[in-house]
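Going by this note's numbering, the residue at position 46 of the sequence shown is 47; the numbering climbs one at a time, nothing skipped. C-beta: ideal position from N, C-alpha, C; glycine also.
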Amino acid sequence: MPSVRTHLVIALAIGALISTVLLVLEPLTDFAFLSLEWPGITAAYFFWGAVGGSTFLGIAICWVVNALTYGLGAFVILSAFKALREA
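Laid out in structure tokens, this is it:
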């Protein structure tokens, strides 16, 4: 049985993959998936407003926040599957 740490690493990798796909598809789909990126965009907006950072750093913050957001969702799903399997 995979441990909690293994599930967390898998979930964060899934979140990073989803965030990367959204970032790559953004210009190709004419920003059709922009609503899926709101957590990261909001964090980047607050960062730019607070310290006036660079665009590259804002995109990096957006990617990281989206990866953590989707990773948390994947972690909850993996934990639920583990609990159901053990029951």
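According to the neighbour-count rule (16 or more other Cβ atoms, all chains shown, within 10 Å of its Cβ), is Ile62 buried or exposed? buried
Buried or exposed, going by whether 16 or more other CB atoms sit within 10 Å of the CB of Ser1? Missing from the structure shown is residue 1; the chain here goes from 2 to 88 and no further.
If contacts are defined as beta-carbon pairs under 8 Å, then Phe47 and Gly59 qualify, I think. What distance do you get, rounded to the angstrom? About 10 Å separates the two Cβ atoms, so there is no contact after all.
Thr7: first and last residue of the uninterrupted alpha helix (DSSP H) it sits in: Val5 to Leu29
Can you check which of these residues, Pro40, Leu26 and Gly41, is closest to Phe34 by C-alpha distance? Leu26
Could you tell me which whole beta strand (DSSP E) segments of length 3 or greater appear in the region 44-69? none
Rounded straight-line distance, which links the Cα of Ala88 to that of Val22: 35 Å
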